[in-house]
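Here the structure is laid out as structure tokens; the discussion comes afterwards.
Chains as they are written, first to last, in our numbering: chain A, 14 to 312; chain B, 14 to 312.
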């Protein structure tokens with residue numbers, strides 16, 4: 014698999030095991046697609062499927078998912094805690110290896126057009142695929158939810174990128190788009206003083222003057238007697254883990270506080286770790302193709 | 014592929030393209046084996062095949078290689094610069110992922126017994142598989158070469174571990190064994206003074222008091238106006254790259270010399286790089302299963 018694209022569709026079904034299994038099976042059986050995880054939340058009445066593949070596999074997986082989801086999910090009777098606008102609510106495409114965000118943007122448009130044409134579901138491009146700045150943020154796109162979309166779409170600013178001018182009766186609309194891989198990364202500080210974690214979070218996050226691709230906040234870890242700078246790395250290629258780690262360490266030092274550790278929550282692409290090794294070992298001419306396992310995946 | 018074992022057989026044929034291709038094809042076609050590289054040296058009259066797989070695949074690949082090599086290589090007429098004792102000269106098994114050296118030792122014995130029984134070639138276990146300390150080092154095992162083995166094997170200290178008491182008429186004998194992955198790792202110093210690289214090499218290498226799994230020497234990089242500590246990391250799990258890098262940096266500092274970079278030559282297992290990232294980022298609870306590509310390989 015020379016190209017690895019991660020696709021993480023969210024569907025509005027988190028309770029009926031048969032329906033969830035059928036949707037998972039549809040993705041699993043799509044040629045070339047590899048389903049890595051299915052997480053369902055009953056209160057949210059929502060499931061998140063994680064699968065990977067090359068462009069063709071991801072396309073096949075998404076269309077198979079729609080085919081399985083549409084007869085099984087009717088938003089007219091769907092009630093859950095999580096906001097939603099579609100039976101398949103949102104479909105992000107995330108470059109992992111051998112593919113750029115730009116290529117994922119192109120893929121999202123191609124798949125978006127196919128969804129509209131095969132299923133008659135209006136498609137809104139969001140994130141890096143968005144056709145206008147006000148349509149970039151998912152929360153803005155989803156505002157009004159399923160029940161409000163017939164009205165919302167009358168506004169020309171909310172015409173769909175593909176598909177009919179009104180929501181699908183039972184399946185609503187869907188947001189489709191490309192975005193970088195998000196790494197959840199936390200750095201733990203050897204103090205109980207939450208104000209220090211808050212100050213450091215403020216120092217590193219984009220919104221208050223920090224790194225372009227960092228969201229951060231201070232969190233108490235009461236059971237460990239520590240505080241944490243809890244971080245979302247929204248583009249680890251442009252703002253790498255090691256740069257944020259070193260900055261947090263320097264800021265903590267100024268408060269006389271040690272960094273006791275850090276953690277990656279959930280999955281990370283190998284490149285994020287290779288980049289840290291490359292930086293600290295001052296590696297020259299390093300290529301991921303030198304890593305036996307990465308080479309194996311690419312063959 | 015949950016288990017990745019690397020196997021790097023050396024064969025005594027480096028000139029005849031048809032024979033080399035036939036041996037490569039035999040390995041490539043073995044069920045589950047993935048051939049990564051074939052390097053031939055005409056002066057040495059020797060080829061090195063690199064392939065990976067799980068235990069069954071590696072076993073199939075080695076036996077297929079013997080089947081292809083034995084009719085094609087006759088050591089009675091073989092002349093090359095590289096010392097050799099067998100048509101298939103040496104077969105090392107190297108754990109990469111999901112398998113221990115101990116398991117590779119067991120596998121080497123199983124495959125060694127199969128080689129002796131199917132092909133009548135005497136097998137000498139070496140490295141971590143050696144049945145006695147004096148048989149651990151490959152150069153000691155190979156001493157006397159093909160021409161000297163009939164005589165050498167009369168000594169009880171050089172009875173084979175498996176197979177007949179005399180060498181195969183045309184294929185000689187073979188060394189089979191497990192060893193850790195060897196990483197070629199160089200660290201470049203911002204000075205032209207070779208004596209400093211030599212002193213640092215001496216400080217870090219096992220033989221003169223340094224790290225248990227480090228071989229090192231000083232080398233001049235005349236074209237770059239630098240010197241290099243050239244290192245063989247013979248067990249990166251027990252003596253990791255980052256520890257050696259930090260030690261070299263500290264020693265260089267004492268001479269007022271900067272470390273300008275380092276390089277990994279050839280392949281490395283992902284774990285060597287993950288370990289460096291884990292160390293410098295002070296990662297807590299990190300698992301290679303969190304790395305998307307590694308998880309994919311393991312599925």
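Virtual Cβ for every residue (Gly too), placed ideally from N, Cα, C. Nothing here was measured: the structure is a model prediction, and the numbers come from that model.
Item	Value
Where residue 255 of chain B sits in the DSSP three-state scheme	helix
Residue-level contact to chain B via CB, residue 258 of chain A, 7 Å cutoff	yes
For residue 306 of chain B, the first and last residue of its enclosing alpha helix (DSSP H)	305-311
Residue 140 of chain A vs residue 86 of chain A beta-carbon contact at 7 Å	no
Interface residues of the segment 249-281 of chain A facing chain B [CB-CB below 8 Å]	254, 255, 258, 272, 273, 274, 275, 276, 277, 279, 280, 281
Contact with chain B by residue 295 of chain A, beta-carbon distance below 7 Å	yes
DSSP three-state assignment for residue 190 of chain B, whether helix, strand or coil	strand
Exposed unless 16 or more other CB atoms sit within 10 angstroms - verdict on residue 251 of chain B	exposed
Own chain residues within Cβ distance below 7 Å of residue 208 of chain A, not counting five before or after	none
Meets three-Cβ-pair contact criterion under 8 Å: the segment 145-157 of chain A and the segment 61-69 of chain A	no
Rounded C-alpha distance that separates residue 303 of chain B from residue 136 of chain B	41 Å
Neighbour-count burial assignment, residue 23 of chain A, 16 or more Cβ in a 10 Å radius	buried
Per DSSP, the bridge partner or partners of residue 137 of chain A	A:188
Selection from A:46, A:58, A:108 that minimises the alpha carbon distance to residue 78 of chain A	A:46
Cβ of residue 306 of chain A within 7 Å of any chain B Cβ	yes
Nearest-angstrom Cβ-Cβ length linking residue 240 of chain A and residue 286 of chain A, presumed shorter than 8 Å	Contact flag wrong, Cβ pair sits at about 25 Å.
Same chain only: Cβ atoms within 6 Å of residue 271 of chain A, ignoring 5 sequence neighbours per side	203
CB contact check: residue 241 of chain A to chain B, cutoff 7 Å	no
Endpoints, the beta strand (DSSP E) within which residue 246 of chain B is located	239-246
is_contact[residue 303 of chain A, chain B] using C-beta, thresh 7 Å	yes
7 Å Cβ cutoff, residue 283 of chain A in contact with chain B	yes
Chain B within 7 Å of residue 39 of chain A, Cβ atoms only	no
The segment 180-187 of chain A contacting the segment 91-105 of chain A, beta-carbon criterion three pairs below 8 Å	yes
Contact list for residue 35 of chain A against chain B, beta-carbon separation under 7 Å	Within chain B, no residue comes near residue 35 of chain A; the closest Cβ sits about 21 Å away, beyond 7 Å.
Members of the segment 68-83 of chain B near chain A, C-beta cut-off 8 Å	none
Unbroken stretches of the alpha helix (DSSP H), 4 residues or longer, contained in the segment 55-95 of chain A	68-82
Bridge-paired residues (DSSP) for residue 176 of chain A	BP columns for residue 176 of chain A are empty, so no partner.
Contacts of residue 286 of chain B in chain A (Cβ-Cβ under 7 Å)	286, 287, 290, 304
Buried/exposed call for residue 222 of chain B, threshold 16 Cβ in 10 Å	exposed
Any C-beta of chain A under 7 Å from that of residue 202 of chain B	no
Under 7 Å by beta carbon: chain A residues contacting residue 310 of chain B	306, 309, 310
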